[in-house]
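Peer 1: If you scroll down you'll find the structure; I have some questions about it.
Protein chains in written order, with our numbering: chain Z, 1 to 468; chain Y, 469 to 620.
Below, the structure written as structure tokens:
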């Protein structure tokens, strides 16, 4: 049912472009913004085909950006659009840096006041352009061209001077491993783009989980009401753009300091790896604890077909493990969440890249490193915000109530321990009634989050078309 | 953290609406009340709930529940869609489609009356502002914890 040719490529499939960047812009007048986009939107990468040579462009807009471009159009009244898009997209109070920031885990060192290096606010972003490059030379040339074009047309870049490229930029690690050493990109939703429930694989995800424009009672995406704004939004996705610092030194120090606690159970050689695996739910080379609970296989076993039905107490994969929270699979949700998610827990498509130099050991070098995450979904509050809340407070399933202070427990890797009510102990059950408990540290910090909209190809063309 | 919902809707004063109100009152004990109770009991996030009519001028849905408004408004909408439709039909609901989560959220936000005073437990309203006062005799203990202590 979904025409993949109408989707921006970054939503339709993953890319192998090795170098990536995200440029952030604030529009001046609508005319200049439209002229700028008329120059670059024709270069958008679209559909599910393989990467073409050359830079691959991908465009994302805030509500303010859309409103600026669509202002004055008789066919798409901006006031109506504001009512019909999800409130989390149009209402600053419901934005990641709004009044709800604390419930999403954005407090203390992750508070919005410190985001974007203090240079600008999330609400200043009208447009984000994600670009994939083949070579460093291509990247340098392309960034210079885009910037020259923006400057000439009154579109202001929200630059980040602390980055070498003046913008969020990084790479796809050749071995797929991110800074904490974990292999990334193993799990991805198997989206049923054909919308054929009868023929759907058991692990398939309804396309309405990823794109808007086809609302039904299970996936009541916004704009819900049929009409021009729903037509405009159809085949678009919301994007959670997240700049995430990883404190590698603190992470490595934690593993080393706590290895003696783990050693009696797995031996000294495997102790650090065992703790890391319990925190993620996978051995760092990617094999899941649910299938390999005692030791990592000699070669990574990445078959993703596993669940938690045989492990309700987390003896194999702890309840607080990262992958068990962000994608809880067959783990039963509590009743209220079963009602909210009748077709299963929320899923998102993950695209993103690693940034900053590699660090070995437990001594910090003061350099910035982490992840620029781009998460794609159809419902902001019910997917992106919900997963953020669950990482911050694991009260989403009854099983967590069996943990000490389990309603306030957190994701072992990403929990924000600065919340005064947070449970900072991570309980790792062992066979029988035994367990090991670790006193957790802060391993990540949010440095900028924005919720944007990645329009369909048709909508991108509407945005740059002459008014009227 | 316990939050209060003080949903307060002005009742339309035409004869048809007042007749609907009389019907709601007539069926409430036998039909509406059990349906609400069944959903809320299973949820284990709601402390108390009641529906109040004031002089045929206002109808209130008042609850004290765990979690944030953003998290559980959609649970209430999905679990009790026909009941909210019945209650909301007494008020001016121009443009509201009860099946539209976005419209339901905005409608609930608009009609949630703030309690007087200031929350002392850090509780915030739908927009993230400090909530009004809500007294708790048990320092915000959760429904799940209370039930567990009662062995339920």
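Where a beta carbon is used, it is the ideal one built from N, C-alpha and C, also for glycine.
1. Between residue 109 of chain Z and residue 404 of chain Z, what straight-line distance do the alpha-carbon atoms span, to the nearest angstrom?
2. So that I know if they touch, is there some Cβ in chain Y lying closer than 8 Å to that of residue 279 of chain Z?
3. What number of angstroms, rounded off, separates the C-alpha of residue 130 of chain Z from the C-alpha of residue 401 of chain Z?
4. Measure from the C-beta of residue 122 of chain Z to each C-beta in chain Y and report whether the shortest distance is under 8 Å.
5. Whose Cβ in chain Z lies nearer than 7 Å to the Cβ of residue 596 of chain Y?
6. Are residue 464 of chain Z and residue 76 of chain Z close, meaning C-beta to C-beta below 8 Å?
7. Rounded C-beta distance between residue 475 of chain Y and residue 529 of chain Y? I'm assuming under 8 Å.
8. With a threshold of 6 Å on Cβ separation, who are the neighbours of residue 455 of chain Z within its own chain once the five nearest residues in sequence on each side are excluded?
9. Taking the alpha carbon of residue 669 of chain Y as the reference point, which residue from Y:544, Y:560 and Y:600 has its own alpha carbon closest?
10. For residue 582 of chain Y, which three-state DSSP category applies?
11. Please compile the residues from chain Y whose C-beta is within a distance smaller than 7 Å of the C-beta of residue 381 of chain Z.
12. Assuming residue 533 of chain Y contacts residue 477 of chain Y under a Cβ cut-off of 8 Å, what Cβ separation, rounded to an integer in Å, is found between them?
13. Hey, how far is the Cα of residue 571 of chain Y from the Cα of residue 564 of chain Y?
14. Going by C-alpha to C-alpha distance, which of Z:205, Z:353, Z:443 and Z:117 sits closest to residue 378 of chain Z?
15. Does residue 606 of chain Y pass the burial test, meaning 16 or more other C-beta atoms within 10 Å, or should it be called exposed?
16. Got a sec: which bits of the segment 590 to 614 of chain Y sit with their beta carbon under 9 Å from any beta carbon on chain Z, in order along the chain?
17. Extract the residue ranges of the beta strand (DSSP E) inside the segment 205 to 259 of chain Z, only unbroken runs of 3 or more that lie entirely within it.
18. Please give the ranges of any alpha helix (DSSP H) in the segment 133 to 213 of chain Z, keeping only runs that are unbroken, at least 4 residues long and fully inside the region.
19. Run through chain Y and tell me which residues come within less than 9 Å of residue 385 of chain Z, C-beta to C-beta.
20. Flag residue 66 of chain Z as yes if its beta-carbon sits less than 8 Å from any beta-carbon of chain Y, otherwise no.
21. Considering only the alpha carbon of each residue, which of Z:360, Z:440 and Z:371 lies closest to residue 254 of chain Z?
22. Find out if the Cβ-Cβ distance for the pair residue 590 of chain Y, residue 93 of chain Z is shorter than 8 Å.
23. Please check the pair residue 395 of chain Z and residue 407 of chain Z, which I expect to be a contact at CB under 8 Å, by giving their CB distance rounded to whole angstroms.
24. Check whether the Cβ of residue 518 of chain Y lies closer than 8 Å to any Cβ atom in chain Z.
25. For residue 584 of chain Y, which option in Y:514, Y:593 and Y:567 has the closest C-alpha, if you only look at C-alpha atoms?
26. Rank Z:85, Z:264, Z:269 and Z:304 by C-alpha distance to the C-alpha of residue 282 of chain Z and give the top, closest one.
Peer 2: With the given structure in hand:
1. C-alpha of residue 109 of chain Z to C-alpha of residue 404 of chain Z: approximately 26 Å in a straight line.
2. No, no contact with chain Y.
3. Approximately 41 Å between the Cα atoms of the pair.
4. For residue 122 of chain Z, not one C-beta of chain Y is nearer than 8 Å to its own C-beta.
5. 93, 98, 99 and 100
6. no
7. 4 Å
8. 236
9. Summary: the structure shown does not reach residue 669 of chain Y, with chain Y confined to residues 469 through 620, and so no result is reported for it.
10. Note: residue 582 of chain Y maps to coil in three-state DSSP.
11. 538
12. About 19 Å separates the CB atoms of residue 533 of chain Y and residue 477 of chain Y; that is not less than 8 Å, and the two are not in contact.
13. 6 Å
14. Closest option to residue 378 of chain Z, Cα to Cα, is Z:205.
15. exposed
16. 590, 592, 593, 594, 595, 596, 597, 610, 612 and 613
17. Listed in chain order, the complete beta strand (DSSP E) runs (minimum 3 residues) inside the segment 205 to 259 of chain Z are 237 to 246.
18. 136 to 152
19. 538 and 539
20. no
21. Taking each of Z:360, Z:440 and Z:371 in turn and checking the Cα distance to residue 254 of chain Z, the smallest one comes out for Z:440.
22. no
23. Sure, about 4 Å apart at Cβ, within 8 Å.
24. no
25. By alpha-carbon distance to residue 584 of chain Y, the top candidate from Y:514, Y:593 and Y:567 is Y:593.
26. Z:304
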